[in-house]
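Protein chains in written order, with my numbering: chain H, 7 to 347; chain S, 7 to 347.
Printed below as a string of structure tokens:
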């Protein structure tokens, strides 16, 4: 049903991921007929800019999605649960970046470069979900290595930015930092469970009974789905760090067969959705500050793991609001039209 | 030769670790007769405060160590290489927190709680070295678990603060953060290879030919020495984070025998040099902001690793200038006297 050029609804247009979607649309060659920005009633009436044009943001309401081909849901899980089904009822497909549907077996979970074939059954519920930034980054970085030598086990430690908690998270980190540097702005907000500025918080999301957070559990679950390997062994520690944008992951991977570093580099060069950024002797490696406006996953610090026979260590950075959310969602929207799904 | 109460030389008294040593002396019950603070000629003439008393800082010179029992070297590796042997020639034992002697087989590398027995041969060169904060933290946290069930392999990812690069590192991060928050202070310094404020730098130290940094290689080497296991398998990724004080480590460990989480918690409770900080449901876990003035290693986020049979994940924080350096050095100085070495 979605057609190109496309009429796109952008839900959460004034949020972090919504703005990243607007930036990506400015920079990508996306066949767009019209864009309809939506946000909460609090933000309705504001304007957003797309390709030099000001667009007025509307509140969601019945009938809002009529005439739209695809709705990009760039808001939280609550909004997605409340409105996604209605959009589909109104004839508009949904691509949701929130965790709302990631665990639902009848909702495809897709990274455009990795498993577009999984999109096919999207009509069951009219919704496609995108995985979180960590699973996206790890899966894109490891997919070419896995195809060549198989993956036995993965250990990841994340370094997650404030923007993962939305605009309120970004504002909270900035206020805290200003406060600590002597500008007297008290900080009543509580987007994070503790002060984040100049601190680290080993809690992203909420804890389950086994002592892992839903974020940590979700990384393994999403990686399994998008790599198509229900038995993939992965353990994760997720830590919030005082960075605004750009999510980093230290990855240790046990390959099934021995894979040399130079061979791995060769496989990553030109892999879809990946940029190899790996000349450490010249100070060149993935960092959040290099990921701004970046639609690929940056991979570097590739080296042999000295603690085992078939291990590799690497460091991966993804712009969490772009390839970790908005860019992937836009790529999926396009696939929905191009593949005539 | 060292006697209690002790006359202590403090080399690098105006630096980050030197100041932490003064704080620790204020707070610990250390049998001190006198303290002689030394620093570079640039800082000579400044004063430092100990137990309410102002002490004038002197530059190092021939004869400076005469009459001192132990010199705490809290400066860089260059200073240690230049002055440690002279101190011993003048009858003063040396405890060095820098990396200068950590790899030397005839210099004991010691964490006071773990391998005090390794101190004995210190008279060969008159020097004892302390390991870096990561190795100290990982070894203290894993020692009780290792004694109970053995350790097969360890994967660590570090989150290292600006103070690991000394006072200049702390000042640089603060200037950068002020600059980015709109206070116009340009930053000409280059203690770090890239901007650190609101960024992550996956380079601590310098790169070797295998693509690992000396910091990453050193973590494995030091952990082997202080745990007394030359075959310990450990791989590390070291990342500088925009935090001033307090070093964190995400640890994934494969035990030789299955060890339950509750059993592991029990072993960590009351383990020497360790504080169990592990009630995640109440938001209680190790964080840098909890480590200020802390002489123990904070251990939490203890949970089963779902990716393997005998795995555990944990999160560890150490005050890098205290137990990661100054506190351990003071404890070793005391052992040198008490054990009549």
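Heads up, the beta-carbon is just placed ideally off N, CA and C, and yes, glycines get one too.
Closest residue to residue i among the options (Cα-Cα distance)
i: residue 296 of chain H; options: H:252, H:88 and H:246; result: H:252
i: residue 63 of chain H; options: H:56, H:55, H:51 and H:57; result: H:51
i: residue 77 of chain S; options: S:266, S:196, S:142 and S:94; result: S:94
i: residue 130 of chain H; options: H:113, H:317, H:18 and H:142; result: H:113
i: residue 108 of chain H; options: H:268, H:147, H:53 and H:230; result: H:230
i: residue 147 of chain S; options: S:302, S:326, S:164 and S:68; result: S:302
i: residue 153 of chain S; options: S:304, S:277 and S:291; result: S:277
i: residue 111 of chain H; options: H:234, H:74 and H:316; result: H:234
i: residue 337 of chain S; options: S:18, S:73, S:172 and S:37; result: S:37
i: residue 329 of chain H; options: H:151, H:320, H:144 and H:123; result: H:144
i: residue 246 of chain S; options: S:340, S:47 and S:326; result: S:326
i: residue 279 of chain S; options: S:138, S:120 and S:80; result: S:120
i: residue 68 of chain H; options: H:49, H:56, H:80 and H:97; result: H:97
i: residue 266 of chain H; options: H:299, H:224, H:319 and H:238; result: H:319
i: residue 35 of chain H; options: H:18, H:17 and H:12; result: H:12
i: residue 306 of chain H; options: H:317, H:300 and H:275; result: H:275
i: residue 80 of chain H; options: H:345, H:331 and H:344; result: H:331
i: residue 61 of chain H; options: H:73, H:47 and H:16; result: H:16
i: residue 165 of chain S; options: S:324, S:224 and S:345; result: S:324
i: residue 285 of chain H; options: S:268, S:215, S:345 and S:346; result: S:215
Chain-order list of residues whose beta-carbon lies under 6 Å from that of residue i (same chain, five-residue window excluded)
i: residue 220 of chain H; result: 211 and 212
i: residue 106 of chain H; result: 83, 86 and 87
i: residue 222 of chain H; result: 242 and 244
Within 8 Å, strictly: CB atoms of residue i and residue j
i: residue 20 of chain H; j: residue 40 of chain H; result: no
i: residue 116 of chain S; j: residue 136 of chain S; result: yes
i: residue 258 of chain H; j: residue 311 of chain H; result: yes
i: residue 159 of chain H; j: residue 104 of chain S; result: no
i: residue 283 of chain H; j: residue 304 of chain H; result: yes
i: residue 100 of chain H; j: residue 133 of chain H; result: yes
i: residue 203 of chain H; j: residue 174 of chain H; result: no
i: residue 151 of chain H; j: residue 261 of chain H; result: yes
i: residue 226 of chain H; j: residue 240 of chain H; result: yes
i: residue 287 of chain H; j: residue 228 of chain H; result: no
i: residue 124 of chain H; j: residue 333 of chain H; result: no
i: residue 255 of chain H; j: residue 157 of chain H; result: no
i: residue 14 of chain H; j: residue 339 of chain H; result: yes
i: residue 102 of chain S; j: residue 90 of chain S; result: yes
i: residue 127 of chain H; j: residue 75 of chain H; result: no
i: residue 232 of chain S; j: residue 335 of chain S; result: no
i: residue 343 of chain H; j: residue 10 of chain H; result: yes
i: residue 47 of chain S; j: residue 65 of chain S; result: yes
Outcome for residue i when other beta-carbon atoms lying within 10 angstroms are tallied against a minimum of 16
i: residue 33 of chain S; result: exposed
i: residue 178 of chain H; result: buried
i: residue 42 of chain H; result: buried
i: residue 188 of chain S; result: exposed
i: residue 290 of chain H; result: exposed
i: residue 26 of chain S; result: buried
i: residue 270 of chain H; result: buried
i: residue 49 of chain S; result: buried
CB contact below 8 Å: residue i versus chain B
i: residue 241 of chain S; result: Protein chains H and S are contained in the structure displayed, whereas chain B is not.
Per-residue contacts from residue i into chain H (C-beta, under 7 Å)
i: residue 206 of chain S; result: 165, 247, 249, 254, 293 and 294
i: residue 326 of chain S; result: Residues of chain H passing the Cβ test: none, with the nearest at roughly 13 Å.
i: residue 258 of chain S; result: 161 and 241
i: residue 283 of chain S; result: The contacting residues do not exist; residue 283 of chain S stays about 10 Å from chain H at best.
i: residue 201 of chain S; result: 295
Same chain, Cβ closer than 7 Å to residue i, neighbours up to 5 away in sequence not counted
i: residue 3 of chain H; result: Residue coverage of chain H in this structure runs from 7 to 347, which leaves residue 3 of chain H outside it and unanswerable.
i: residue 250 of chain S; result: 167, 168, 169, 176 and 179
i: residue 172 of chain H; result: 21 and 22
i: residue 205 of chain S; result: 248
i: residue 273 of chain S; result: 150, 151 and 154
Partner residues on chain H for residue i, Cβ-Cβ distance less than 9 Å
i: residue 198 of chain S; result: None at all; the shortest Cβ gap to chain H is about 10 Å.
i: residue 139 of chain S; result: In chain order: nothing, as chain H lies at least about 14 Å away.
i: residue 102 of chain S; result: Residues of chain H passing the Cβ test: none, with the nearest at roughly 26 Å.
i: residue 107 of chain S; result: Those do not exist, as residue 107 of chain S stays about 23 Å from chain H at its closest Cβ, beyond 9 Å.
i: residue 213 of chain S; result: 286 and 287
Partner residues on chain S for residue i, Cβ-Cβ distance less than 8 Å
i: residue 314 of chain H; result: 159, 239 and 241
i: residue 209 of chain H; result: 286, 289 and 291
i: residue 226 of chain H; result: 312 and 313
Residue i: contacting residues in chain H (beta-carbon distance under 8 Å)
i: residue 309 of chain S; result: 216, 217 and 218
i: residue 267 of chain S; result: 217
8 Å CB neighbourhood of residue i in its chain, flanking five on each side removed
i: residue 315 of chain H; result: 264
Where residue i meets chain S, residues with beta-carbon distance less than 7 Å
i: residue 183 of chain H; result: 183 and 187
Neighbouring residues, chain S, relative to residue i (Cβ below 9 Å)
i: residue 319 of chain H; result: 161, 217, 218, 222, 241, 242 and 243
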